[in-house]
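*Asks:*
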Amino acid sequence: MNIVLFDDEPLALDFLEHQLNLVRNVNVIGKYSHANVEAVSENIKKSDVIFLDIKMPGLNGLELAETILKIKPDLPIVFVTAYDKYAIQAFELNALDYILKPVQLNRLKKTVKRIESYIKNSSINPYESAKHLTINVLGEFTFQLNSDDTRIISWRTTNAQETFLYLLHHHSKIVSKSELVELLFPNMDVNKANSLLYVTIYQVRQALSEFNKYISIRSIQNGYVLKLDNTSIDKEVWENELDKAPKIDIKTLDQQEKIMSYYKGTYLKKHDYLWAEGERYRLETIWVNHAFKIANYYYKHHFFDKSAIWFIQLSDLVPEDESVNFALMKIYAWKGYGVLVEHQYNQLKKSLEEFNLSVNKDIDKWYHDWKSSKGK
Numbered sequence: 125m126n127i128v129l130f131d132d133e134p135l136a137l138d139f140l141e142h143q144l145n146l147v148r149n150v151n152v153i154g155k156y157s158h159a160n161v162e163a164v165s166e167n168i169k170k171s172d173v174i175f176l177d178i179k180m181p182g183l184n185g186l187e188l189a190e191t192i193l194k195i196k197p198d199l200p201i202v203f204v205t206a207y208d209k210y211a212i213q214a215f216e217l218n219a220l221d222y223i224l225k226p227v228q229l230n231r232l233k234k235t236v237k238r239i240e241s242y243i244k245n246s247s248i249n250p251y252e253s254a255k256h257l258t259i260n261v262l263g264e265f266t267f268q269l270n271s272d273d274t275r276i277i278s279w280r281t282t283n284a285q286e287t288f289l290y291l292l293h294h295h296s297k298i299v300s301k302s303e304l305v306e307l308l309f310p311n312m313d314v315n316k317a318n319s320l321l322y323v324t325i326y327q328v329r330q331a332l333s334e335f336n337k338y339i340s341i342r343s344i345q346n347g348y349v350l351k352l353d354n355t356s357i358d359k360e361v362w363e364n365e366l367d368k369a370p371k372i373d374i375k376t377l378d379q380q381e382k383i384m385s386y387y388k389g390t391y392l393k394k395h396d397y398l399w400a401e402g403e404r405y406r407l408e409t410i411w412v413n414h415a416f417k418i419a420n421y422y423y424k425h426h427f428f429d430k431s432a433i434w435f436i437q438l439s440d441l442v443p444e445d446e447s448v449n450f451a452l453m454k455i456y457a458w459k460g461y462g463v464l465v466e467h468q469y470n471q472l473k474k475s476l477e478e479f480n481l482s483v484n485k486d487i488d489k490w491y492h493d494w495k496s497s498k499g500k
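When you line the sequence shown up against my numbering, it's residues 125 to 500, in that order.
1) Does the structure place the region 345–355 close enough to the region 392–412 that three or more beta carbon pairs sit under 8 Å?
2) Whose CA, out of Glu166, Leu291, Thr235, lies closest to the CA of Arg148?
3) With distances taken from CA atoms, which of Glu381, Tyr222, Phe265, His256 is nearest Ala206?
4) By the three-class DSSP mapping on this structure, what secondary structure does Asp445 have?
5) Which same chain residues, not among the five before or five after Ala214, have their C-beta less than 6 Å away from its C-beta?
6) Which word fits Asn270, buried or exposed, when buried means at least 16 other C-beta atoms lie within 10 angstroms of its C-beta?
7) Helix, strand or coil for Val361? Go by DSSP, reduced to three states.
8) State the start and end residues of the unbroken alpha helix (DSSP H) segment that holds Phe139.
9) With a threshold of 7 Å on Cβ separation, who are the neighbours of Lys430 within its own chain once the five nearest residues in sequence on each side are excluded?
10) Helix, strand or coil for Asp486, going by three-state DSSP, please let me know.
11) Can you tell me whether Asp396 is buried or exposed, with buried defined as 16 or more other CB within 10 angstroms of its CB?
12) Please classify Ile156: does DSSP put it in a helix, a strand, or coil?
13) In whole angstroms, give me the CA-to-CA distance for Tyr242 and Phe416.
14) Determine the DSSP secondary structure at Val299, reduced to helix, strand or coil.
15) Residues in the same chain with beta-carbon distance under 8 Å from Lys301, minus the five sequence neighbours each way, listed in chain order, please.
16) Distance, Cα to Cα, Asn218 vs Lys359?
17) Which of the three DSSP states, helix, strand or coil, is assigned to Tyr421?
18) Does Gly347 come out as helix, strand or coil in the three-state DSSP assignment?
19) Which value, in whole angstroms, describes the spacing of the CA atoms of Asp177 and Asp131?
20) Can you list, in chain order, the stretches of the alpha helix (DSSP H) that have 4 or more residues and sit fully within the region 305–333?
21) Going by CA-CA distance only, name the one from Asn484, Tyr391, Gly154 that's closest to Arg406.
22) How would you write the range of the alpha helix (DSSP H) that Tyr469 sits in, first residue to last?
23) Please name the residue, chosen from Ile374, Glu477, Ile339, that lies closest to Phe288 on a Cα-to-Cα basis.
24) Check Leu224 in the structure and name its three-state DSSP category.
25) With 16 as the cutoff for other CB atoms within 10 Å, does Lys239 come out buried or exposed?
26) Any idea what DSSP makes of Tyr397, helix, strand or coil?
27) Within 10 angstroms of the Cβ of Leu135, are there 16 or more other Cβ atoms? Answer buried if so, exposed if not.
28) Using DSSP with H/G/I as helix, E/B as strand and the rest coil, what is Phe427?
29) Check whether the Cβ of Ala432 sits closer than 7 Å to any heavy atom of the ligand MN, and report yes or no.
30) Say whether the region 158–172 touches the region 139–146, bearing in mind that this needs 3 or more beta-carbon pairs closer than 8 Å, one atom from each stretch.
31) Going by alpha carbons, who is nearest to Ile201 out of Ala189, Lys194, Ile195?
32) Taking DSSP's pairing of strands, which residues face Phe203 in a bridge?
33) Keeping to the same chain, check which residues put their C-beta closer than 7 Å to that of Glu408; ignore five residues upstream and five downstream.
34) Counting only the same chain and skipping the five closest in sequence on each side, list residues whose C-beta sits under 6 Å from that of Val314.
35) Spatial neighbours of Pro443 within its chain, please: CB distance less than 6 Å, with the 5 preceding and 5 following residues excluded, ordered by chain position.
36) Helix, strand or coil: which one does DSSP assign to Phe511?
Below, the structure is given as structure tokens:
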């Protein structure tokens with residue numbers, strides 16, 4: 125196991141090297157008391173793990189870790205610090221391990237075992253041979269490999285999950301650190317917020333470590349950019365298929381319905397993010413408009429059962445839409461489902477009342493004429 129050490133205290137650096145040399149299968153290939161990682165990038169690339177002090181001159185350990193990860197993404201990092209156990213809790217989540225100074229040999233051996241386990245698990249990655257990753261954000265938020273292996277990622281914190289989803293929302297574009305700080309830690313001291321942001325980004329990378337061949341997060345121009353490789357996002361696939369779809373007719377309806385089935389639900393359905401509302405509304409509007417075309421085609425060509433299926437779905441999304449409800453009322457009347465006609469009318473009336481509106485006069489007249497005809 126090749127290890128590189130960073131600590132601004134030469135004595136602490138020498139002591140840590142001495143302790144590591146007492147552990148089997150460990151090789152210290154570099155030790156540095158400065159934070160100029162570019163100058164020692166070759167050793168960083170050769171290393172299996174980095175040990176670094178939380179406090180380095182002019183740069184804290186989290187910032188240094190961020191710089192190191194630019195050279196070798198997903199490199200495991202162990203923090204060495206003089207902070208007490210209460211202060212260290214802030215860093216525990218984003219590091220492979222942490223060690224308190226002075227470094228004890230028995231504690232160091234446990235750390236090395238943890239590193240060995242991490243390296244072993246990383247090398248036996250069941251996803252390495254997978255060809256394509258799909259990130260599903262319509263309905264359930266899941267990861268899917270080769271269409272047959274669906275997984276839900278375990279996130280250390282809600283901030284880590286939101287950070288990933290926000291970067292994914294803007295993938296291939298630079299998102300400034302100040303924008304992320306404002307999103308995640310509004311009204312917090314800037315220095316503290318920046319430190320927490322470094323922790324959060326590290327947590328995101330750790331959560332995605334098994335997918336590092338598909339997803340990368342880079343620090344660029346005082347911001348972050350999320351890049352995807354051999355990866356698609358279901359909402360983009362759905363939109364592309366819809367754009368390429370032929371005109372709706374009797375021959376293409378099966379294809380149209382298959383494409384519409386890719387829309388599994390509202391964008392980030394279970395995540396109430398204010399920043400996602402615009403995209404959620406945009407995608408929902410696209411679905412509604414296309415579903416309305418399919419429903420109307422079936423209706424005009426007297427496929428009333430199929431038409432009803434689409435109008436029912438539409439009424440769930442846009443319960444206040446009069447044309448949708450009116451179409452259902454007429455279909456139910458034609459099929460002799462009087463109870464459903466009344467139910468649909470009352471649902472429409474209730475939905476409109478929430479906006480201080482009343483039912484359209486033509487629809488109201490049709491309904492009361494229908495009720496009168498029933499009584500005869």
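Built from N, CA and C at the ideal position, the CB exists for glycine as well.
Note that this is a predicted model, so its numbers are computed, not measured.
*Replies:* In this structure, then:
1) no
2) Here residue 148 corresponds to residue number 24 of the sequence shown, with the count starting at 1. The shortest Cα separation from Arg148 among Glu166, Leu291, Thr235 belongs to Thr235.
3) Residue 206 sits at position 82 when you count from the first residue of the sequence shown. Comparing Cα positions, the closest option is Tyr222.
4) Within the sequence shown, the letter at position 321 stands for residue 445. Of the three classes helix, strand and coil, the one that applies to Asp445 here is coil, per DSSP.
5) Position 90 of the sequence shown, counting from 1, holds the residue named residue 214. Low confidence applies here, because Ala214 scores a pLDDT of 42, under 50, leaving its location unreliable and the question unanswered by this model.
6) Mapped onto the sequence shown, residue 270 falls at position 146. With fewer than 16 Cβ atoms within 10 Å of its Cβ, Asn270 is classed as exposed.
7) For the purposes of this step, residue 361 is taken as the residue at position 237 of the sequence shown. Here Val361 sits in helix by DSSP.
8) Residue mapping note: residue 139 aligns to position 15 of the sequence shown, counting from 1. Run containing Phe139: 134–145, per the alpha helix (DSSP H) assignment.
9) Working through the sequence shown from its first residue, we reach residue 430 at position 306. If we look at Lys430 and ignore the five residues flanking it on each side, its Cβ neighbours are Tyr422.
10) Numbered from its first residue, the sequence shown carries residue 486 at position 362. Note: Asp486 maps to helix in three-state DSSP.
11) Within the sequence shown, the letter at position 272 stands for residue 396. Answer is exposed; the Cβ neighbour count stays below 16.
12) Numbered from 1 along the sequence shown, position 32 holds the residue referred to as residue 156. Before going further, note that residue 156 is Tyr rather than Ile in the sequence given. Correct three-state label for Tyr156: strand.
13) As a working note, residue 242 is residue 118 in the sequence shown. As a working note, residue 416 is residue 292 in the sequence shown. So the alpha carbons of these two residues sit roughly 52 Å apart.
14) For the purposes of this step, residue 299 is taken as residue 175 along the sequence shown, with counting starting at 1. Three-state result, Val299: strand.
15) The count along the sequence shown starts at 1 and reaches residue 301 at position 177. Answer for Lys301: Asn318, Leu321, Asn346, Gly347, Tyr348, listed in chain order.
16) As a first step, residue 218 is located in the sequence shown; it is residue number 94 there, counting from the start. As a first step, residue 359 is located in the sequence shown; it is residue number 235 there, counting from the start. Here the model assigns Asn218 a pLDDT of 47, short of 50, so the residue's position is not dependable, and the following value carries that caveat. If you take the alpha carbons of Asn218 and Lys359, they lie about 30 Å apart.
17) Position 297 of the sequence shown, counting from 1, holds the residue named residue 421. DSSP places Tyr421 in helix when its eight states are reduced to three.
18) The residue given as residue 347 occupies position 223 in the sequence shown. It is a strand residue.
19) Taking the first residue of the sequence shown as position 1, residue 177 is located at position 53. Taking the first residue of the sequence shown as position 1, residue 131 is located at position 7. Distance between the alpha carbons of Asp177 and Asp131 is about 5 Å.
20) 314–331
21) Against the sequence shown, residue 406 aligns to sequence position 282. Among Asn484, Tyr391, Gly154, the Cα nearest to that of Arg406 is on Tyr391.
22) One-based indexing of the sequence shown puts residue 469 at position 345. 462–477 is the span of the alpha helix (DSSP H), which, as asked, contains Tyr469.
23) Position 164 of the sequence shown, counted from the first residue, corresponds to residue 288. Comparing Cα-Cα distances from Phe288 to each of Ile374, Glu477, Ile339, the minimum goes to Ile339.
24) As a working note, residue 224 is residue 100 in the sequence shown. Three-state DSSP puts Leu224 in a strand.
25) Start at 1 with the first residue of the sequence shown, and residue 239 comes out as number 115. Note that residue 239 is Ile in the sequence shown, not Lys. Looking at its Cβ environment, which holds 16 or more other Cβ atoms inside 10 Å, Ile239 is buried.
26) To locate residue 397, count along the sequence shown from 1; it is residue 273. Residue state, collapsed to three classes: coil.
27) As a working note, residue 135 is residue 11 in the sequence shown. Exposed: under 16 other Cβ atoms inside 10 Å.
28) Here the question's residue 427 lines up with position 303 in the sequence shown. In the structure shown, Phe427 sits in coil (DSSP, three-state: anything other than H, G, I, E or B).
29) With respect to the ligand MN, the structure offers nothing, as it holds no ligand at all.
30) no
31) Stepping through the sequence shown from its first residue, residue 201 is reached at position 77. Comparing Cα-Cα distances from Ile201 to each of Ala189, Lys194, Ile195, the minimum goes to Ala189.
32) The sequence position of residue 203 within the sequence shown is 79, counting from 1. Per DSSP, Leu176, Tyr222.
33) Residue 408 sits at position 284 when you count from the first residue of the sequence shown. Result list for Glu408: Thr390, Leu441, in chain order.
34) To locate residue 314, count along the sequence shown from 1; it is residue 190. Correct list: empty, nothing qualifies.
35) Start at 1 with the first residue of the sequence shown, and residue 443 comes out as number 319. Here the set comprises Ser475.
36) A query on residue 511 cannot be resolved here, the shown segment of the chain reaching from 125 to 500 and no further.
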